[in-house]
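Numbering (the UniProt record's numbering), first residue to last: 1 to 287. In this text, a Cβ means the ideal position worked out from N, Cα and C, and glycines have one as well. A quick note: this is a predicted structure, and the numbers were derived from the prediction, not measured.
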């Protein structure tokens, strides 16, 4: 009699510790332990995170505006370098060399490759996740949403290969990162274009530096100057110094931008870690 009563008490205890919830993927009702904040549906395979709070969309308009401003500045700077360089350097190259047509072909090739790859990276969709039917048991087959999660921003399923970008305001398939210089994410559909833009930009920078130094050697008169502790510097040394100093300035600006992005990611990680610790300790959220 005592054994039967203890078994009955155990069943009652288990029943009180469980609660019923609904899977967002297939709509089936599931009986789960009360402490299970994250669970996976045994039918469709969707993962539900009940402890995840509703995300806000504050600042999305300002992020998009900032990306468009940076994109416009980069595009204007590229066009200024192209047309200004052709206007200033190529008359000199034609006058001092028999390879003017050869240099023109190289310039046109690099310009077309750089501008086209930049345009594809910036204005092409980075990667659209596949549209799936969800939310209803008869239409969702077994395993259709395996390891899918629910995006609170887009209010639709998100595959394991998909990440939501708060700057773009949508989910991106195979997202690598959000690049502010192109004002777009780097994902499945524009990853090759972005790599091609980096390669063409690198070769264009090297070619511009060499041609500018070569033109400067033939246009500047032989001279010597004294600045600070530097004495007896010829025009050839001056041309090469200006060339490489320009390259250093470009690398410094890129390094500063990278440092800014890494710092923002670090602050975001620290904020998430602090929020997780507060939830674990039962402390109220900070403002």
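Practice prompt. Thinking residue 182 and residue 122 are a contact (beta carbons under 8 Å), I'd like their distance in whole angstroms, please.
Written response: That belief holds up - the Cβ atoms of residue 182 and residue 122 are roughly 4 Å apart, short of 8 Å.
Worksheet item: For residue 89, which three-state DSSP category applies?
Response: Note: residue 89 maps to helix in three-state DSSP.
Discussion item. Suppose contacts are defined by Cβ-Cβ distances below 7 Å. Is residue 162 in contact with residue 173 by that definition?
Written reply: Closer than 7 Å, so yes.
Worksheet item: Of the residues 164, 118 and 205, which one's Cα is nearest the Cα of residue 75?
Response: Nearest of 164, 118 and 205 to residue 75, Cα basis: 118.
Worksheet item: How would you label residue 143, buried or exposed, when you count the other beta carbons within 10 angstroms and need 16 or more for buried?
Response: Around the beta carbon of residue 143, a 10 Å sphere encloses fewer than 16 other beta carbons of the protein chains shown; the residue is thus reported as exposed.
Discussion item. Among the candidates 212, 219 and 216, whose CA atom is the shortest distance from the CA of residue 85?
Written reply: Comparing Cα-Cα distances from residue 85 to each of 212, 219 and 216, the minimum goes to 212.
Item to complete: Would you tell me roughly how many angstroms separate the C-alpha atoms of residue 226 and residue 82, rounded to the nearest one?
Response: Caution is warranted here: a pLDDT of 44 is assigned to residue 226, below 50, making its placement in the model unreliable, and no coordinate value can be reported.
Discussion item. Does the beta-carbon of residue 134, which I'm using as the reference point, lie nearer than 6 Å to any heavy atom of the ligand GDP?
Written reply: The ligand GDP is not among the ligands present in this structure, which contains no ligands whatsoever.
Fill in: Boundaries (first-last residue) of the alpha helix (DSSP H) holding residue 211
Element bounds for residue 211: 191-219.
Item to complete: Take residue 26 as the anchor and find which of 20, 32, 39 and 43 has the nearest alpha-carbon.
Response: When each option's Cα is compared against that of residue 26, the closest is 43.
Worksheet entry | residue 92 and residue 219 closer than 7 Å at C-beta | Yes, the Cβ-Cβ distance between residue 92 and residue 219 is below 7 Å.
Worksheet entry | beta strand (DSSP E) segment containing residue 112, residue limits | Per DSSP, residue 112 lies in no beta strand (DSSP E); the unbroken alpha helix (DSSP H) holding it starts and ends at 100-123.
Worksheet entry | residue 202 versus residue 217 - alpha carbon distance | Rounded to whole angstroms, residue 202 to residue 217 spans 23 Å at the Cα level.
Item to complete: With a threshold of 16 other CB atoms inside 10 Å of the CB of residue 77, please say whether the residue is buried or exposed.
Response: Exposed, because fewer than 16 other Cβ atoms sit within 10 Å of the Cβ of residue 77.
Worksheet item: CA-CA distance, residue 108 and residue 116?
Response: Residue 108 and residue 116 have their alpha carbons spaced roughly 12 Å apart.
Worksheet entry | C-beta contact flag for residue 187 and residue 127 at 7 Å | Going by C-beta atoms, residue 187 is nearer than 7 Å to residue 127.
Discussion item. I'd like to confirm the pairing. Which residues does DSSP put opposite residue 29 in its beta bridges?
Written reply: According to DSSP, residue 29 bridges with 22.
Worksheet item: How many angstroms separate the CA atom of residue 106 from the CA atom of residue 169?
Response: Near 39 Å, if we compare the C-alpha coordinates of residue 169 and residue 106.
Worksheet entry | Alpha-carbon to alpha-carbon, residue 209 and residue 247 | Any reading at residue 247 is ruled out, since the residue's pLDDT is 49, under 50, leaving its predicted position unreliable.
Discussion item. Looking at residue 21: is its Cβ nearer than 7 Å to the Cβ of residue 28?
Written reply: Not closer than 7 Å, so no.
Discussion item. Tell me the rounded alpha-carbon separation between residue 133 and residue 156.
Written reply: Approximately 10 Å, taken between the alpha carbons.
Worksheet item: Near residue 135, which residues of its chain fall below 6 Å by C-beta distance, leaving aside the five closest residues on each side in sequence?
Response: Here the set comprises 27.
Discussion item. So residue 197 and residue 114 are supposed to be a Cβ contact under 8 Å. How far apart are they, rounded?
Written reply: Correct: roughly 7 Å between the Cβ atoms.
Discussion item. Taking a contact to mean a Cβ-Cβ separation below 7 Å, would you say residue 160 touches residue 147 in this structure?
Written reply: Contact: yes.
Worksheet item: residue 165 and residue 185 look like a contact to me (Cβ under 8 Å); what is the Cβ gap, rounded to whole Å?
Response: Taking C-beta atoms under 8 Å as the contact rule, residue 165 and residue 185 qualify, at a distance of about 5 Å.
Item to complete: Note the first and the last residue of the continuous beta strand (DSSP E) segment covering residue 49.
Response: For residue 49, the enclosing beta strand (DSSP E) has its first and last residue at 47-49.
Discussion item. For the beta strand (DSSP E) containing residue 162, name the first residue and the last one.
Written reply: Taken as a continuous stretch (DSSP letters only), the beta strand (DSSP E) holding residue 162 covers 162-165.
Practice prompt. Drop a sphere of 10 angstroms on the beta-carbon of residue 47, count the other beta-carbons inside from all chains shown, and report buried for 16 or more, exposed for fewer.
Written response: Residue 47 sits buried, since 16 or more C-beta atoms from the chains shown fall within 10 Å of its C-beta.
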